[in-house]
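Undergrad: Here the sequence shown stands for residues 1 to 441, numbered as in the UniProt record's numbering.
We treat Cβ as the ideally placed atom computed from N, Cα and C, and that holds for glycine.
If you're wondering where the values come from, they're calculated on a predicted model, not measured in any experiment.
Mind having a look at this structure? Questions to follow.
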Amino acid sequence: MTRPPTPATATTPAPEAPAGAAAPAHPALAAADPELARLVAAEERLQADTLRLIPSENYVSAAVLEASGTVLQNKYSEGYAGRRYYEGQQVIDQVERLATDRARALFGVDHANVQPYSGSPANLAVYLAFAQPGDTVMGMALPMGGHLTHGWGVSATGSWFRGVQYGVRRDTGLIDFDEVRDLALRERPKVIFCGGTALPRTIDFAAFAGIAREAGAVLVADIAHIAGLVAGGAHPSPVPHADVVSTTTHKTLRGPRGAMLMCREEHAKAIDKAVFPGLQGGPHNQTTAAIAVALHEAAQPAFRDYAHRVVANARALAAALLDRGFDLVSGGTDNHLVLIDLTGRDVPGKTAAKALDRAGVVVNHNTVPYDPRRPFDPSGIRIGTPSLTSRGLGTEHMAAVADWIDRGVAAARTGDEDALAVIRAEVADLMGRHPAPGVPA
Ligand code: DSN
Numbered sequence: 001m002t003r004p005p006t007p008a009t010a011t012t013p014a015p016e017a018p019a020g021a022a023a024p025a026h027p028a029l030a031a032a033d034p035e036l037a038r039l040v041a042a043e044e045r046l047q048a049d050t051l052r053l054i055p056s057e058n059y060v061s062a063a064v065l066e067a068s069g070t071v072l073q074n075k076y077s078e079g080y081a082g083r084r085y086y087e088g089q090q091v092i093d094q095v096e097r098l099a100t101d102r103a104r105a106l107f108g109v110d111h112a113n114v115q116p117y118s119g120s121p122a123n124l125a126v127y128l129a130f131a132q133p134g135d136t137v138m139g140m141a142l143p144m145g146g147h148l149t150h151g152w153g154v155s156a157t158g159s160w161f162r163g164v165q166y167g168v169r170r171d172t173g174l175i176d177f178d179e180v181r182d183l184a185l186r187e188r189p190k191v192i193f194c195g196g197t198a199l200p201r202t203i204d205f206a207a208f209a210g211i212a213r214e215a216g217a218v219l220v221a222d223i224a225h226i227a228g229l230v231a232g233g234a235h236p237s238p239v240p241h242a243d244v245v246s247t248t249t250h251k252t253l254r255g256p257r258g259a260m261l262m263c264r265e266e267h268a269k270a271i272d273k274a275v276f277p278g279l280q281g282g283p284h285n286q287t288t289a290a291i292a293v294a295l296h297e298a299a300q301p302a303f304r305d306y307a308h309r310v311v312a313n314a315r316a317l318a319a320a321l322l323d324r325g326f327d328l329v330s331g332g333t334d335n336h337l338v339l340i341d342l343t344g345r346d347v348p349g350k351t352a353a354k355a356l357d358r359a360g361v362v363v364n365h366n367t368v369p370y371d372p373r374r375p376f377d378p379s380g381i382r383i384g385t386p387s388l389t390s391r392g393l394g395t396e397h398m399a400a401v402a403d404w405i406d407r408g409v410a411a412a413r414t415g416d417e418d419a420l421a422v423i424r425a426e427v428a429d430l431m432g433r434h435p436a437p438g439v440p441a
């Protein structure tokens, strides 16, 4: 295999804020800390001008952004609504109740806890609620598409607990439920996680629930990636099947960076106790408020339409990539995510991802199942459609997106920086016609 040339510039420089721009978008920040204000403006330009294909990212609405920057962040509120360790909770209690009520209504769950700081602490709270250090826990292996916190060795969840891991079949790229069942019945884990970070296919929650029942394990559905699709009816819900549902709030759900744990009433006390005082101190109330706003938005008919468009776009993008000869893990997608195996293209995933970044197409390098390369320099790139759908791109644009990826990967292999610059201009032109929500024009 020929090694592609290493590009001279590893990363794209952040754009300067436009000179002589009118009133700053954040006047207090610009006055108090111009240096930081310039960086925020540069990030705003970067998010506006580039095609963001990282499947775990999105654009929040201006309303979510406003809620997360409010004075609610000035308040300590350890405990839960009506049972706090600080006074002055007249408003905060209402904010948290609004968020939990909206989560319960949207996902149809008995109980919701909106306090976990993010997905990893949320999952850690689940272990704290249902397992003791040294117990066996089970999840999908990270290189197969799972998550670090599903018992992978380098995570605390894989060193404090005994993690056993399932994967996908080499020939299909799909989960082999016979293998999962055999493993669960042999190892008898206390907790089984399903879900992950690089799974392009529908998760069969009912199949996992049957196995967890047989093995006597608590089933946790980690729907961080697909929460918005579940809320919008574009992916089956885990709620009838899983004991606990864990999710971040900032991916397809389009909320702030945060997380939620949802469960049946019988597990409510254990989950709440694990989050606080088990693992965390005071909740981030400004985030709770922004989660409430995002849940309100996700309950609107327009969000159902958004969720279905995310999937339609991903399917169209996968089809356009297959037309161009790309090898996709599992042969396509059912959700928001496409995992491209670049082995046949003779270019490593990281080299391709960095070249695409210089072309204004933002992806991440990713392992593919049975990857012959190392995790820090793997064979794949992972892409998804939540962000581009949020800025109004539709199936009619997916051929152009696939074409940019195709040309960008070819340019990565040959080191053709001019070709990358041409793509960057084409991307900026299309992005200019589709403003990003929440990003100042
Ligand atoms: N970091 C997230 C992702 O990109 O999928 C998972 O936690």
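(1) Can Lys251 and Ser56 be called in contact, C-beta distance under 8 Å?
(2) Three-state secondary structure (DSSP) at Val427?
(3) Excluding the 5 residues preceding and the 5 following Ala206 in the sequence, name in chain order all residues of the same chain whose CB lies nearer than 7 Å to its CB.
(4) Assuming contact is defined by CB atoms lying nearer than 8 Å, are residue 443 and Ser77 in contact in what I supplied?
(5) Enumerated in chain order, which unbroken segments of the beta strand (DSSP E) with a length of 3 residues or greater are wholly contained in the stretch 161 to 241?
(6) Could you tell me if the beta carbon of Gly195 falls within a distance shorter than 7 Å of some heavy atom in the ligand DSN?
(7) Give the secondary structure of Val91 by DSSP, where H, G and I count as helix, E and B as strand, and everything else as coil.
(8) Could you name the residues of the same chain whose beta carbon sits closer than 6 Å to that of Gly233, not counting the 5 residues immediately before and after it, in chain order?
(9) Would you call the CB atoms of His336 and Gly392 closer than 8 Å?
(10) Hey, how far is the Cα of Met431 from the Cα of Asn285?
(11) Could you tell me whether the Cβ atoms of residue 457 and His225 are closer together than 8 Å?
(12) Checking 8 Å against the spacing of the C-beta atoms, do residue 512 and Ala122 come in under that value?
(13) Going by CA-CA distance only, name the one from Gly344, Val180, Ser330 that's closest to Val338.
(14) Roughly how many angstroms lie between the CA atoms of Ala41 and Arg213, to the nearest whole one?
(15) Whose C-beta lies closer than 8 Å to the C-beta of Arg67 among residues of the same chain, with five residues either side of it excluded?
(16) Using a Cβ-Cβ cut-off of 6 Å (strictly less than) and excluding sequence neighbours within five positions of Gly196, which residues of its own chain qualify?
(17) Start and end of the beta strand (DSSP E) containing Gly258?
(18) So, for Ala231: in the same chain, excluding its five sequence neighbours on each side, which residues have a beta-carbon less than 6 Å away from its beta-carbon?
(19) Please list the segments of the beta strand (DSSP E) lying wholly inside the stretch 277 to 359, counting only runs of 3 or more residues, in order along the chain.
(20) Express the C-alpha separation of Glu44 and Leu124 in angstroms, rounding to a whole number.
(21) At a cut-off of 7 Å, would you count His365 as near the ligand DSN, judging by its Cβ distance to the nearest heavy atom?
(22) Note down, in chain order, each residue of its chain lying with its Cβ closer than 6 Å to the Cβ of Arg104, except the 5 sequence neighbours on either side.
(23) Please determine whether the Cβ atom of Gly119 lies at a distance below 7 Å from any heavy atom of the ligand DSN.
(24) Count the other CB atoms, across all protein chains shown, that sit within 10 Å of the CB of Arg374; report buried if there are 16 or more and exposed otherwise.
TA: Taking the coordinates as given:
(1) Taking the sequence shown and counting its residues from 1, the one referred to as residue 251 is at position 251. Taking the sequence shown and counting its residues from 1, the one referred to as residue 56 is at position 56. Their beta carbons are under 8 Å apart, which means Lys251 touches Ser56 by this criterion.
(2) Here residue 427 corresponds to residue number 427 of the sequence shown, with the count starting at 1. Here Val427 sits in helix by DSSP.
(3) Numbered from its first residue, the sequence shown carries residue 206 at position 206. Closer than 7 Å at Cβ, skipping near neighbours: His241.
(4) Past the edges of the chain, shown from 1 to 441, lies residue 443, and the structure says nothing about it.
(5) Counting whole runs of 3 or more residues, the stretch 161 to 241 contains the beta strand (DSSP E) stretches 162 to 166, 191 to 194, 218 to 222.
(6) Stepping through the sequence shown from its first residue, residue 195 is reached at position 195. No, Cβ of Gly195 sits at least 7 Å from all heavy atoms of the ligand DSN.
(7) Position 91 of the sequence shown, counted from the first residue, corresponds to residue 91. DSSP places Val91 in coil when its eight states are reduced to three.
(8) On the sequence shown, position 233 is the one that residue 233 refers to. Correct list, in chain order: Arg304.
(9) Translated into the one-based positions of the sequence shown, residue 336 becomes position 336. Translated into the one-based positions of the sequence shown, residue 392 becomes position 392. Their beta carbons are not under 8 Å apart, which means His336 does not touch Gly392 by this criterion.
(10) On the sequence shown, residue 431 is found 431 positions in, with the first residue counted as 1. On the sequence shown, residue 285 is found 285 positions in, with the first residue counted as 1. Rounded to whole angstroms, Met431 to Asn285 spans 33 Å at the Cα level.
(11) The structure shown has nothing for residue 457, since the chain only spans 1 to 441.
(12) Because the chain spans 1 through 441 in this model, residue 512 falls outside it and cannot be assessed.
(13) Counting from one through the sequence shown, the residue named residue 338 turns up at place 338. Comparing Cα positions, the closest option is Ser330.
(14) Along the sequence shown, read from residue 1 onward, the residue named residue 41 stands at position 41. Along the sequence shown, read from residue 1 onward, the residue named residue 213 stands at position 213. When rounded, the distance between both Cα atoms is 51 Å.
(15) Walking along the sequence shown from the start, residue 67 turns up at place 67. Looking at the sequence itself, residue 67 is Ala, so the reference to Arg does not match. Excluding positions up to five away in sequence, the list reads Pro256, Gln286, Ala289, Ala290, Ala292, Val293.
(16) The residue you call residue 196 lines up with position 196 of the sequence shown. The answer, listed in chain order, is Met140, Gly145, Gly146, His147.
(17) Residue mapping note: residue 258 aligns to position 258 of the sequence shown, counting from 1. Note, Gly258: premise wrong, no beta strand (DSSP E); not H, not E.
(18) Taking the first residue of the sequence shown as position 1, residue 231 is located at position 231. Contacts found: Leu106, Ala298.
(19) Scanning the stretch 277 to 359 for uninterrupted beta strand (DSSP E) segments of 3 residues or longer gives 337 to 341, listed from N- to C-terminal end.
(20) Against the sequence shown, residue 124 aligns to sequence position 124. Against the sequence shown, residue 44 aligns to sequence position 44. Whole-angstrom Cα-Cα distance: 33 Å.
(21) For the purposes of this step, residue 365 is taken as residue 365 along the sequence shown, with counting starting at 1. Not one heavy atom of the ligand DSN is found less than 7 Å from the C-beta of His365.
(22) Your numbering for residue 104 matches position 104 in the sequence shown. These residues qualify, in order along the chain: Ala112.
(23) Position 119 of the sequence shown, counted from the start, is the residue given in the question as residue 119. A heavy atom of the ligand DSN is found nearer than 7 Å to the CB of Gly119.
(24) The residue given as residue 374 occupies position 374 in the sequence shown. With fewer than 16 other Cβ atoms within 10 Å, it is exposed.
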